[in-house]
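Please read the structure below before turning to the comments.
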Amino acid sequence: MIYELPTLNYEYNALEPVMDAETLEIHYSKHHQAYVNNLNAALAKHDIKQDNLVELLLNINDLPEDIQAAVRNNGGGHFNHSLFWNILTPEQDKQNGISPELESAIVKNFGSMDEFKAKFEDAGMKRFGSGWVWLVKTNSGDLKIVTLPNQDAPLAEGTPMLGVDLWEHSYYLKYQNKRAEYLKNIWSIVNWEQVSDYYQA
Ligand code: MN
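Each residue of the sequence shown is one higher than the last, beginning at 13 in my numbering.
Next up, the structure:
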């Protein structure tokens, strides 16, 4: 198998009460695992060995047509979820670990940290149906909030730094229809140390 489920760096119950253990376990061990399995199966059909996921996703149009949709959905799903687990943490020092560089970039681009969070939540609310909301560093170095449908990865937009899953499977057991509450609560488990590392990279 070319692609594997990444290790989760915390227990299923570690993000409670913001993200409940049952949701996290199903999300990681069933949904994410399925994206990995389906991605591997699609690539195996044509014996494709590309093990660089970013390169694979940036060049979907070069793949045989019959697996393009599967790679886009499942490769995107694998990329997005791998990033998502990394930018969440139960550890307070990481939650408080935003770098001065990233903090000033957020202030410069959005006015303040609070204004950034409000705009990010608003964008997440406006994504109709399933998708993701992202903070990306554009190729010119600016920060930008983008939302994309389904499992489309935001690689064409720049470097993804922070992404929040807007699919109902990410919040429905605990929040039901209250996506706004899920988006508001998630800030308290964001690993700003990791987001800052993505910003520097
Ligand atoms: Mn998901």
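All C-beta atoms, glycine included, are put in the ideal place defined by N, C-alpha and C.
Considering only the alpha carbon of each residue, which of Ile14, Asp177, Asn25 lies closest to Val83?
Comparing Cα positions, the closest option is Ile14.
Between Tyr47 and Gly89, which are expected to be in contact by the criterion C-beta below 8 Å, what is the C-beta distance as a whole number of angstroms?
Correct: roughly 3 Å between the Cβ atoms.
Among Lys42, Ile118, Asn162, Glu37, which one has its Cα closest to the Cα of Lys156?
With distances taken between Cα atoms, Lys156 lies closest to Ile118.
Give the single residue among Gly136, Ser208, Trp199 whose Cα lies nearest to the Cα of Pro102.
Closest option to Pro102, Cα to Cα, is Trp199.
State the Cα-Cα distance for the pair Gln80 and Ile72, rounded to the nearest angstrom.
Taking the straight line joining both Cα atoms gives about 6 Å.
Can you look up Val48 in the DSSP assignment and give me helix, strand or coil?
Val48: helix per DSSP, three-state reduction.
Candidates Arg191, Leu27, Ala168, Glu169: which alpha carbon is nearest Leu178's?
Comparing Cα positions, the closest option is Arg191.
In chain order, what are the residue ranges of uninterrupted beta strand (DSSP E) at least 3 long that sit wholly in the stretch 95-161?
For the stretch 95-161, whole beta strand (DSSP E) runs of length 3 or above, ordered along the chain, are 143-149, 155-161.
Verify the contact flag: Ser182, CB atom, against every heavy atom of the ligand MN, threshold strictly below 6 Å.
Yes, the Cβ of Ser182 comes within 6 Å of a heavy atom of the ligand MN.
Is His90 close to the ligand MN? I mean its beta-carbon at under 6 Å from any heavy atom of the ligand.
No - the ligand MN has no heavy atom lying nearer than 6 Å to the Cβ of His90.
Excluding five sequence neighbours on each side, which residues of the same chain lie with their C-beta closer than 6 Å to the C-beta of Thr106?
Looking at the sequence itself, residue 106 is Lys, so the reference to Thr does not match. Within the same chain, Lys106 has close Cβ partners Asn203, Glu205.
Alpha carbon to alpha carbon, how far is Asn86 from Leu160?
The straight-line gap from Cα to Cα measures roughly 15 Å.
Can we say the stretch 160-173 touches the stretch 136-146, given the rule of at least three CB pairs closer than 8 Å?
Judged by Cβ distances under 8 Å, the stretch 160-173 makes contact with the stretch 136-146, as three or more pairs qualify.
Does the stretch 56-68 come close enough to the stretch 26-46 that 3 or more CB-CB pairs lie under 8 Å?
Verdict: no, contact absent.
Any heavy atom of the ligand MN closer than 6 Å to the Cβ of Trp146?
No.
Would you decide whether Met173 is buried or exposed? Buried here means 16 or more other CB atoms lie within 10 Å of its CB.
Burial call: buried.
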